[in-house]
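Protein chains in written order, with our numbering: chain H, 1 to 140; chain R, 141 to 622.
Single-structure report; data block below.
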């Protein structure tokens, strides 16, 4: 399973994303987040945007990645559906950096709600039995 | 945690600070038994979390529309001492100055009905809606600075409204002391905000043409210029991507501040900084910029609403009487002075899904309304009803001058999608005679009327507790959804 939604938080949306590598869990978390707003299958890809992220640890890197994707989505007007994390590296000062690509289309799909931001509520990135699990609650 | 609530009277419930370790102050919930029965235990626990934060002032409050959100429940008030307390980007949330404004008209249903469809088409065309929607305005860097510095005044100075619009807004449509530049306002926030001025957005934001169905308080209604059968327009939206990015930026910055100032947090979302610290004050100045953006956003759209009415009714908006009744914010942190235990204290009052409800005589209320109290605008869920309330002296004594903000969700969005279909919802509402205009029908399922609490029960609770009183109830005739 790439990701799943939980609807116990009445006003907001929680999801969990899974991946065997850090890159994979980041990509699946992005799919889960944009899947709240529209059906990813509806998007015919004809555009791509480079997205960078940074953070002091893996969790902060994930937060920055998801937040920057929301920013680029709104600024560039591209409805993202595919995500690839090209590179994650750590500087000698232990700062993490990510570069990735988000692909989508400027043609508007049928929209559901709007994800306003990534909250810290229950936010976690854990490694359990050789699998990364990201828990995210977004404000909708 | 709910079992520890002690009922004080028909509409008041107390949670003593002994309910849980680390609570510095007690919590109070306003609501009837029916409201409390439906309230999630997690929402009560979230109130206790807020009560652990430094400088919390008793009580931490939940309104009858409260529900489990992130950090602070949606529908809550947390006040903190201005010297010993904190300011929290997490408590305020993403949609800074999400708010409601109400315009009155001199139209009746008879005059509107033949033109309702045309009017809703016109409003839908003129007010950009939807996820990631971009406005018709193209702002230069300098103009953007002016928008976040001046708020709604920028719109007035650029021919999008009149001076009287400002006097009928909370904060007269703009807070002084807003940050405009880096590093307090990041380049990310500017990029995200600049194209979005003059956009409604999506989700629970809307524009409704309503009819005043019932008047409860003739004197207050007359003072606000409202009467039974009158057509009014309600606009619900906020600071859009700009406010969302300011919140995102300061959540990250305050996460660092929490470590620096050694603040214990029961939930990471409650990130905060001492009110007097550079991080706290920088956030407050950046938040004001988002507040001003939102006031300006609602003002710009008000101008387009007026133009829409002019096009449909072929006369000037002034002749249609499309004047602003009031504009309230229900997602904000504000520096206010309140009396607690007989002493006046300077506080930072966080209202997350709660509305200011100042009582009669307060100098911050427009002069024309001052004798009756501040108008409080309550947006109901789509297809149900909305209310105009008035602030009371009791709210000043008991709730830091605050009341509820809307119906409040009763069902998560995914649960609503599973249960309802957008097309059915649209059909049901149109059978009732409502005209719905939206970017799609899927959003209508998430916003299904039954996914929300009954707004009448919510309002009856705040009225019953006397923290605001019912003035008028409006029903929707036409809705524009993102």
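The beta carbon of each residue, even a glycine, is placed where N, CA and C say it ideally should be.
When the cut-off is 8 Å and only beta carbons count, does residue 214(R) lie next to chain H? For the purposes of this step, residue 214(R) is taken as residue 74 along the second chain, with counting starting at 1. True, the Cβ-Cβ gap to chain H drops below 8 Å.
From what residue to what residue does the alpha helix (DSSP H) around residue 363(R) run? Within the second chain, numbered from 1, the residue matching residue 363(R) stands at position 223. Note, residue 363(R): alpha helix (DSSP H), 358-364.
Minimum Cβ-Cβ distance from residue 48(H) to chain R less than 8 Å: Translated into positions along the first chain, residue 48(H) becomes position 48. No, residue 48(H) lies away from the interface with chain R (no Cβ there is under 8 Å from its Cβ).
At which residues does the beta strand (DSSP E) containing residue 31(H) begin and terminate? For the purposes of this step, residue 31(H) is taken as the residue at position 31 of the first chain. Counting along the chain, residue 31(H) falls outside any beta strand (DSSP E), though it belongs to the alpha helix (DSSP H) covering 22-37.
Please report the straight-line C-alpha distance between residue 474(R) and residue 489(R), rounded to a whole angstrom. Counting from 1 along the second chain, the entry for residue 474(R) is found at position 334. Counting from 1 along the second chain, the entry for residue 489(R) is found at position 349. The straight-line gap from Cα to Cα measures roughly 5 Å.
Whose C-alpha, out of 467(R), 482(R), 616(R), 552(R), is nearest the C-alpha of residue 524(R)? What you label residue 524(R) is simply residue 384 of the second chain in a count that begins at 1. Checking every option, the nearest Cα to that of residue 524(R) belongs to 616(R).
Within 10 Å of its beta-carbon, does residue 582(R) have 16 or more other beta-carbons around it, so buried, or fewer, so exposed? Position 442 of the second chain holds residue 582(R). Classification for residue 582(R): buried.
Is the number of C-beta pairs between the segment 538-553 of chain R and the segment 6-16 of chain H that are closer than 8 Å three or more? Judged by pairs of C-beta atoms under 8 Å, the segment 538-553 of chain R touches the segment 6-16 of chain H, as three or more such pairs exist.
What in chain R is Cβ-close to residue 57(H), meaning under 8 Å? Along the first chain, one-based indexing puts residue 57(H) at 57. The premise fails here: residue 57(H) is roughly 11 Å from chain R at the closest Cβ pair, so nothing lies under 8 Å.
Coarse secondary structure for residue 522(R), derived from DSSP in three states: For this step, residue 522(R) is matched to residue 382 along the second chain. Here residue 522(R) sits in coil by DSSP.
Proximal residues of chain H, C-beta to C-beta of residue 549(R) below 7 Å: Locating residue 549(R) in the second chain gives position 409, counting from the first residue. The contacting residues are 10, 11.
Three-state class that DSSP yields for residue 485(R) in the structure shown: As a working mapping, residue 485(R) is identified with position 345 in the second chain. Residue state, collapsed to three classes: strand.
Check whether the segment 321-328 of chain R touches the segment 420-439 of chain R, counting contact only when three or more Cβ pairs, one atom from each stretch, lie closer than 8 Å. yes
Should residue 96(H) be flagged as near chain R, meaning a C-beta pair shorter than 8 Å? Within the first chain, numbered from 1, the residue matching residue 96(H) stands at position 96. Cβ-Cβ to chain R under 8 Å: no for residue 96(H).
Contact criterion: CB-CB distance below 8 Å. Does residue 128(H) meet it with respect to chain R? Walking along the first chain from the start, residue 128(H) turns up at place 128. Not an interface residue.
Contact under 8 Å by Cβ, residue 145(R) with residue 188(R): Locating residue 145(R) in the second chain gives position 5, where the first residue counts as 1. Locating residue 188(R) in the second chain gives position 48, where the first residue counts as 1. With contacts defined as CB atoms closer than 8 Å, residue 145(R) and residue 188(R) fail to qualify as a contacting pair.
Please specify which runs of the alpha helix (DSSP H), each continuous and at least 4 residues long, are wholly inside the segment 408-484 of chain R, giving them in chain order. You should have 418-453, 457-460.
Same chain, Cβ closer than 7 Å to residue 335(R), neighbours up to 5 away in sequence not counted: Indexing the second chain from 1 puts residue 335(R) at position 195. The residues are 274, 275.
Closer than 6 Å by C-beta to residue 190(R): which residues in its own chain qualify, once you throw out the five before and the five after it? Chain order, please. To locate residue 190(R), count along the second chain from 1; it is residue 50. Around residue 190(R): 200, 212, 218.
Cβ distance (whole Å) where residue 242(R) is taken to contact residue 512(R) below 8 Å: For the purposes of this step, residue 242(R) is taken as residue 102 along the second chain, with counting starting at 1. For the purposes of this step, residue 512(R) is taken as residue 372 along the second chain, with counting starting at 1. With 8 Å as the limit, residue 242(R) and residue 512(R) do not qualify as a contact, their Cβ atoms being about 15 Å apart.
Exposed or buried, what is residue 482(R) when buried is set at 16 or more other beta-carbons lying within 10 Å of its beta-carbon? Position 342 of the second chain holds residue 482(R). Classification for residue 482(R): exposed.
Alpha helix (DSSP H) segment containing residue 65(H), residue limits: As a working mapping, residue 65(H) is identified with position 65 in the first chain. Counting along the chain, the alpha helix (DSSP H) containing residue 65(H) begins and ends at 58-76.
Do the segment 602-610 of chain R and the segment 337-346 of chain R make contact, defined as three or more Cβ pairs closer than 8 Å? Output reads no: the segment 337-346 of chain R does not touch the segment 602-610 of chain R.
What did DSSP end up calling residue 154(R) once you bin it into helix, strand or coil? The sequence position of residue 154(R) within the second chain is 14, counting from 1. If DSSP states are grouped into helix, strand and coil, residue 154(R) belongs with the strands.
Three-state secondary structure (DSSP) at residue 124(H)? Counting from 1 along the first chain, the entry for residue 124(H) is found at position 124. Residue state, collapsed to three classes: strand.
Could one say the Cβ of residue 235(R) lies closer than 8 Å to chain H's Cβ atoms, at least one of them? Position 95 of the second chain holds residue 235(R). Judged by the 8 Å Cβ criterion, residue 235(R) is in contact with chain H.
Backbone secondary structure at residue 140(H) - three-state DSSP: In the first chain, residue 140(H) corresponds to position 140, counting from 1. In this structure, residue 140(H) counts as coil in the three-state DSSP scheme.
So the candidates are 230(R), 278(R), 221(R); which of them puts its Cα closest to the Cα of residue 476(R)? For the purposes of this step, residue 476(R) is taken as residue 336 along the second chain, with counting starting at 1. Ranking the options by Cα distance to residue 476(R), first place goes to 221(R).
Have a look at the DSSP bridge pairing and note the partners of residue 383(R). Here the question's residue 383(R) lines up with position 243 in the second chain. Answer by DSSP bridge pairing: none, since residue 383(R) is not bridged.
Measure the alpha-carbon distance for residue 356(R) versus residue 454(R) and round it to whole angstroms. Translated into the one-based positions of the second chain, residue 356(R) becomes position 216. Translated into the one-based positions of the second chain, residue 454(R) becomes position 314. Taking the straight line from one Cα to the other gives about 33 Å.
For residue 416(R), count neighbouring Cβ atoms within 10 angstroms of its own Cβ and tell me buried if that reaches 16, exposed if not. In the second chain, counting from the first residue as 1, residue 416(R) sits at position 276. Burial call: exposed.
Rounded to whole angstroms, what's the CA-CA distance from residue 361(R) to residue 320(R)? Just pull it up for me. Position 221 of the second chain, counted from the first residue, corresponds to residue 361(R). Position 180 of the second chain, counted from the first residue, corresponds to residue 320(R). Spanning the two alpha carbons is a distance of roughly 39 Å.
I'd like to know whether the C-beta atoms of residue 113(H) and residue 586(R) end up nearer to each other than 8 Å. Taking the first residue of the first chain as 1, we reach residue 113(H) at position 113. Taking the first residue of the second chain as 1, we reach residue 586(R) at position 446. Taking 8 Å as the Cβ cut-off, residue 113(H) and residue 586(R) qualify as a contacting pair.
Reducing DSSP to helix, strand and coil, say where residue 179(R) ends up. Numbered from 1 along the second chain, position 39 holds the residue referred to as residue 179(R). Looking at residue 179(R) - three-state DSSP - the assignment turns out to be coil, as it is neither helix nor strand.
Within 8 Å (strictly less), CB to CB, does residue 26(H) reach chain R? Your numbering for residue 26(H) matches position 26 in the first chain. No, residue 26(H) does not count as interfacial toward chain R.
From the beta carbon of residue 16(H), is the nearest beta carbon of chain R less than 8 Å away? Residue mapping note: residue 16(H) aligns to position 16 of the first chain, counting from 1. Answer no: the Cβ-Cβ gap between residue 16(H) and chain R never drops below 8 Å.
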